[in-house]
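J.: Whatever position you read off the first sequence (first residue = 1), add 52 for my numbering.
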Amino acid sequence: MLKTHYCGELKKGLVGSKVTLAGWVDRRRDHGDLIFIDLRDRTGIAQVVFNPQISKKSHAVAEQMRSEYVLKVTGEVSLRPSGTENLKLPSGAIEVIADEVEILNTSKTPPFYINEDTEVDENVRLKYRYLDLRRERMLKNLILRDNVVKFVRDFLHDKGFLEIETPILIKSTPEGARDYLVPSRLYPGQFYALPQSPQQLKQLLMVAGVEKYFQIAKCFRDEDSRADRQPEHTQLDIEMSFVEEEDILKLMEELFTGLIEKVKPDKRVIKPFPRINYKDALEKYGSDKPDLRFGMEMRDLTDIAGQSEFSVFKKVVADGGKIKGICAQGCADYTRSQLEELNKFVQSYGAGGLLTFALGSAPGDINNLTSDTVKSVAAKYMTLEQIKEIGQRLDAKLGDLILVVAGKPKVVDKALGELRREMGQRLKLADPNLLAFAFIVNFPLFTWNEETKHWEPEHHPFVWPWPEDVSILEKNPGKVRAHCYDIVCNGFELASGSIRIHTPELQRRIFRFLGYSDAEIEEKFGGFLGAFEYGAPPHGGIAPGIDRLVMILAGESTIREVMAFPKNQNAVDLMLEAPSVVREEQLKELHIRLRDD
RNA sequence: GGCCUGUUGGUGCAGCGGUUUAGCAUAUCUCCCUGUCACGGAGAAGAUCGCGGGUUCGAAUCCCGCACAGGUCGCCA
């Protein structure tokens, strides 16, 4: 090794000993005769002093040093003269008096600050990601991610899980997201697909008798990116045989609570994780991934508001719609332009508009509400009693603002749910140190797609329906319940899993119901179903997203901040400049001719 | 594909129709400095204000189009 110690290791105990450090120039402070260098490596920063009276030669070298130069320094660890200690640095009580130094490499002036935590344009950061990762924030995120993955591996190994790799080149299947395809050289016109997840493979491992499997698995989906979605992401893929839903949930709760305790002990977790029915989540929060760090639950007001003379409400009720509201505490003083902003907000989610009731001006009991202190366009078409009743249902007080959306049930839930999220953020209702985990359970097996006019799997086609519902599978598909569960945390879907179908008959029946012909089933899933003829055990699993988990733990707002080399929103790697054109010979080998359209 | 936001020296920001010769901070370069730690001091260099059109006597500033980026809807079993 070119070094005997790491910068972050230097402690008072080493005073008097000779050490050799190697790292990067974080900062140089040149006092003419005396030069201080903050030397940085992965573990931290150590101050190196170049004194011409100790070594004229080293001092001359130090005069040439610039930010990010790579150095090897040898010298004695010394206590700093009293009064010059730096309490901000862990190594601030000591310094290294350099007597030998070598510049291992020079550096151009970096395009942005490595040694300061300032916002830098993400294009520039991604282009120079190798420099961006030198910054403390990124290094911390990489270390956190390593800690998370290590904990998970140890935890699952202790529980008897086998870590098994599955291939990256697999078969394209219908359903789900758009596949990334890889052309086959040996088979003209044929393609591999990159896995959207190792779903079928892990089920086949259960048929193989592995019983407890996990993998830190790369997954690929050729869909548009978001703050929490990238073309490739990492899942903790888990599958177990002879389990019931309860076993998986218990395991996950133990994993996550243990993990937080170990890697983020400063975060608060509510135990046990609440379990919320899918239907209730939509009803109360308008989302299947609610942020449970704050309340502000939605309440149905259709029965009250529908009684009023307000034409908007009457029409919505006549059309079979519903009317729901939330209560924003202390927001009765919102200005017209603030309200208009919120109106636009709900409209962007398809709602006709937002109806507001400002309840008085000063805080007080809702029963003291008077008609002249209610501000709302609907007020004159409603009785004071009706407005009070709405307020009571939403636990509102005087001084609060009631926000109401009316329309088609799905649109109301979506728009008001997003508004709840937005208001929670504006009012800073969510405790940043709280991790509000919850299980979302009792999903329906199918969901009706209005556009294709088909029933589609709510989750995926391998989910085990409740046995007592199997008889109504074809007759009343919307009523079939699924052994399917999500883990949500702070408004993000962190994991998704299910107990799987393990008999070929039922699996075929589901495929047929979803509209596949027997020939298609054979072609797309023949191998998979064949395996199930040979004693497939009951099994199930779950797959938490590592990127999202680490993002939440790191307090970051995009998963790009916890990935070493992410792509931008348009799926471009700005550093490698991928994707790129390839040589004509490569295309020829792959039997590919480009279309020009 | 739709909607919203942004684009000003290397980086971060200000300027939002007229003494602006585009300002500030920081980085960079030169010189000075033996106890700094976001060292300090003096000086220098560095920008056709994303691109293209238009309005105007006059545009970084107003309008239109385009590009790029971010957020989001659609999409994401």
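Note that beta-carbon positions come from the ideal geometry of N, C-alpha and C, so glycine has one too.
Given the structure is predicted, the values throughout are model-derived calculations rather than measurements.
Within the chosen definition, does the region 490-498 reach the region 318-328 through at least 3 CB pairs nearer than 8 Å?
T.: The region 490-498 is in contact with the region 318-328.
J.: With which residues is lysine 652 paired in a DSSP beta bridge?
T.: The requested residue 652 does not occur in the structure, where the chain is confined to residues 53 to 649.
J.: Helix, strand or coil, according to DSSP, for threonine 286 in the structure here?
T.: Locating residue 286 in the first sequence gives position 234, where the first residue counts as 1. Strand at threonine 286.
J.: Quick one: what's leucine 131 bridged to in DSSP?
T.: The sequence position of residue 131 within the first sequence is 79, counting from 1. According to DSSP, which records beta bridges pairwise, leucine 131 is partnered with Ile146.
J.: According to DSSP, is alanine 448 helix, strand or coil?
T.: Locating residue 448 in the first sequence gives position 396, where the first residue counts as 1. Note: alanine 448 maps to coil in three-state DSSP.
J.: Give me the residue from Glu291, Gly96 and Ile155 with the minimum Cα distance to serine 110.
T.: Taking the first sequence and counting its residues from 1, one reaches residue 110 at position 58. Selected option, being the one with the closest Cα: Ile155.
J.: Starting from tryptophan 500, follow its DSSP beta bridges and name the residues at the other end.
T.: As a working note, residue 500 is residue 448 in the first sequence. DSSP, once it has assigned bridges, lists Trp507 as partnering tryptophan 500.
J.: Determine whether the beta carbon atoms of proline 496 and glutamate 510 lie at a separation below 7 Å.
T.: Residue 496 sits at position 444 when you count from the first residue of the first sequence. Residue 510 sits at position 458 when you count from the first residue of the first sequence. Yes, the Cβ-Cβ distance between proline 496 and glutamate 510 is below 7 Å.
J.: Exposed or buried, what is aspartate 629 when buried is set at 16 or more other beta-carbons lying within 10 Å of its beta-carbon?
T.: Counted from its first residue, the first sequence places residue 629 at position 577. In the sequence under discussion, the amino acid at residue 629 is glutamate, which differs from the aspartate named in the question. Burial call: exposed.
J.: Could you give the residue range of the alpha helix (DSSP H) that holds glutamate 168?
T.: Looking up residue 168 in the first sequence gives position 116. Where glutamate 168 is concerned, there is no enclosing alpha helix (DSSP H), given that its DSSP letter is neither H nor E.
J.: Have a look at the DSSP bridge pairing and note the partners of valine 593.
T.: Against the first sequence, residue 593 aligns to sequence position 541. In the sequence as displayed, the identity of residue 593 is glycine instead of valine. The partner list for glycine 593 (beta bridge, DSSP) reads Glu291 and Ser550.
J.: Closer than 8 Å by C-beta to isoleucine 644: which residues in its own chain qualify, once you throw out the five before and the five after it? Chain order, please.
T.: On the first sequence, position 592 is the one that residue 644 refers to. Excluding positions up to five away in sequence, the list reads Pro235.
J.: Could you tell me how far apart the beta carbons of histidine 535 and proline 589 are, in whole angstroms, since I believe they sit closer than 8 Å?
T.: Stepping through the first sequence from its first residue, residue 535 is reached at position 483. Stepping through the first sequence from its first residue, residue 589 is reached at position 537. Actually they are not in contact, since the Cβ atoms of histidine 535 and proline 589 sit about 15 Å apart, beyond 8 Å.
J.: Are the CB atoms of phenylalanine 690 and alanine 482 nearer to each other than 7 Å?
T.: Outside the modelled stretch of the chain, which goes from 53 to 649, sits residue 690, for which no answer is possible.
J.: When we look at the beta-carbon of histidine 285 and count the other beta-carbons within 10 Å, is it buried (16 or more) or exposed?
T.: Taking the first sequence and counting its residues from 1, the one referred to as residue 285 is at position 233. Buried, by the Cβ-count rule.
J.: Might you give, ordered along the chain, the residues of its own chain that have their beta carbon closer than 6 Å to the beta carbon of aspartate 274, omitting 5 neighbours on each side?
T.: Here residue 274 is taken as the residue at index 222 of the first sequence, counted from 1. Hits under 6 Å: Arg230 and Tyr232.
J.: Opposite arginine 80 in the DSSP bridges: which residues?
T.: In the first sequence, residue 80 corresponds to position 28, counting from 1. Per DSSP, Ile89.
J.: Considering just the uninterrupted stretch of the beta strand (DSSP E) at lysine 140, what are its terminal residues?
T.: Position 88 of the first sequence, counting from 1, holds the residue named residue 140. Counting along the chain, lysine 140 falls outside any beta strand (DSSP E), and DSSP gives it neither H nor E.
J.: Looking only at its own chain, which residues have a Cβ that is under 8 Å from the Cβ of methionine 190, when we skip the five neighbours before and after it?
T.: Translated into positions along the first sequence, residue 190 becomes position 138. The residues are Asp184 and Glu613.
J.: Which residue from Leu62, Val125 and Thr161 puts its Cα closest to that of isoleucine 146?
T.: Position 94 of the first sequence, counted from the start, is the residue given in the question as residue 146. Nearest option by C-alpha distance: Leu62.
J.: Under 7 Å between the Cβ atoms of glycine 459 and alanine 403?
T.: Taking the first sequence and counting its residues from 1, one reaches residue 459 at position 407. Taking the first sequence and counting its residues from 1, one reaches residue 403 at position 351. Yes, Cβ-Cβ distance for glycine 459 and alanine 403 is below 7 Å.
J.: Is aspartate 318 helix, strand or coil by DSSP?
T.: Here the question's residue 318 lines up with position 266 in the first sequence. Reduced to three states, the DSSP call for aspartate 318 is coil.
J.: Buried or exposed: which applies to histidine 506, given that a residue is buried once 16 or more other Cβ atoms fall within 10 Å of its Cβ?
T.: Indexing the first sequence from 1 puts residue 506 at position 454. Answer is exposed; the Cβ neighbour count stays below 16.
J.: Could you pull the start and end residues of the beta strand (DSSP E) that alanine 269 belongs to?
T.: Translated into positions along the first sequence, residue 269 becomes position 217. Segment 264-272, the beta strand (DSSP E) holding alanine 269.
J.: What does DSSP give as the partner residues of cysteine 536 in its beta bridges?
T.: Residue mapping note: residue 536 aligns to position 484 of the first sequence, counting from 1. DSSP lists Ser550 as partners of cysteine 536.
J.: Quick check: the Cα distance between isoleucine 216 and leucine 91, rounded to an integer number of angstroms?
T.: Indexing the first sequence from 1 puts residue 216 at position 164. Indexing the first sequence from 1 puts residue 91 at position 39. Between isoleucine 216 and leucine 91, the C-alpha separation is close to 41 Å.
J.: Is it true that the region 596-615 meets the region 563-579, where meeting means three or more beta-carbon pairs spaced less than 8 Å apart?
T.: Counting Cβ pairs under 8 Å, fewer than three are found: no touch.
J.: Which residues does DSSP list as the beta-bridge partners of threonine 218?
T.: Here residue 218 is taken as the residue at index 166 of the first sequence, counted from 1. Bridge partners of threonine 218: none, in fact.
J.: From which residue to which residue does the beta strand (DSSP E) around leucine 556 run?
T.: As a working mapping, residue 556 is identified with position 504 in the first sequence. Residue 556 is actually proline in this sequence, not leucine. Premise fails: proline 556 lies in the alpha helix (DSSP H), 556-565, not in any beta strand (DSSP E).
J.: Give the C-beta separation of aspartate 280 and phenylalanine 544 to the nearest angstrom, bearing in mind that I take them to be a contact with Cβ-Cβ under 8 Å.
T.: Sequence index remark: in the first sequence, residue 280 carries index 228 (1-based). Sequence index remark: in the first sequence, residue 544 carries index 492 (1-based). Aspartate 280 to phenylalanine 544, Cβ: 6 Å. Contact.
J.: Does DSSP put glutamine 105 in a helix, a strand or coil?
T.: Counting from 1 along the first sequence, the entry for residue 105 is found at position 53. Residue state, collapsed to three classes: coil.
J.: Spatial neighbours of aspartate 85 within its chain, please: C-beta separation below 7 Å, excluding the five flanking residues on both sides.
T.: Locating residue 85 in the first sequence gives position 33, where the first residue counts as 1. Excluding residues within five positions, the ones whose Cβ falls inside 7 Å are Pro104.
J.: Do you know how far the Cα of arginine 472 is from the Cα of alanine 448?
T.: The residue labelled residue 448 in the question sits at position 396 within the first sequence. The residue labelled residue 472 in the question sits at position 420 within the first sequence. Their Cα atoms are separated by approximately 15 Å.
J.: Measuring CB atoms only, is the region 150-165 touching the region 119-129, in the sense that at least three cross pairs come out at less than 8 Å?
T.: Cβ pair count under 8 Å is three or more, so yes.
J.: For the alpha helix (DSSP H) containing arginine 327, name the first residue and the last one.
T.: Taking the first residue of the first sequence as position 1, residue 327 is located at position 275. Run containing arginine 327: none in the alpha helix (DSSP H); it sits in the beta strand (DSSP E), 327-329.
J.: State the Cα-Cα distance for the pair glutamine 282 and lysine 619, rounded to the nearest angstrom.
T.: Along the first sequence, one-based indexing puts residue 282 at 230. Along the first sequence, one-based indexing puts residue 619 at 567. Going by the C-alpha atoms only, they are around 7 Å apart.
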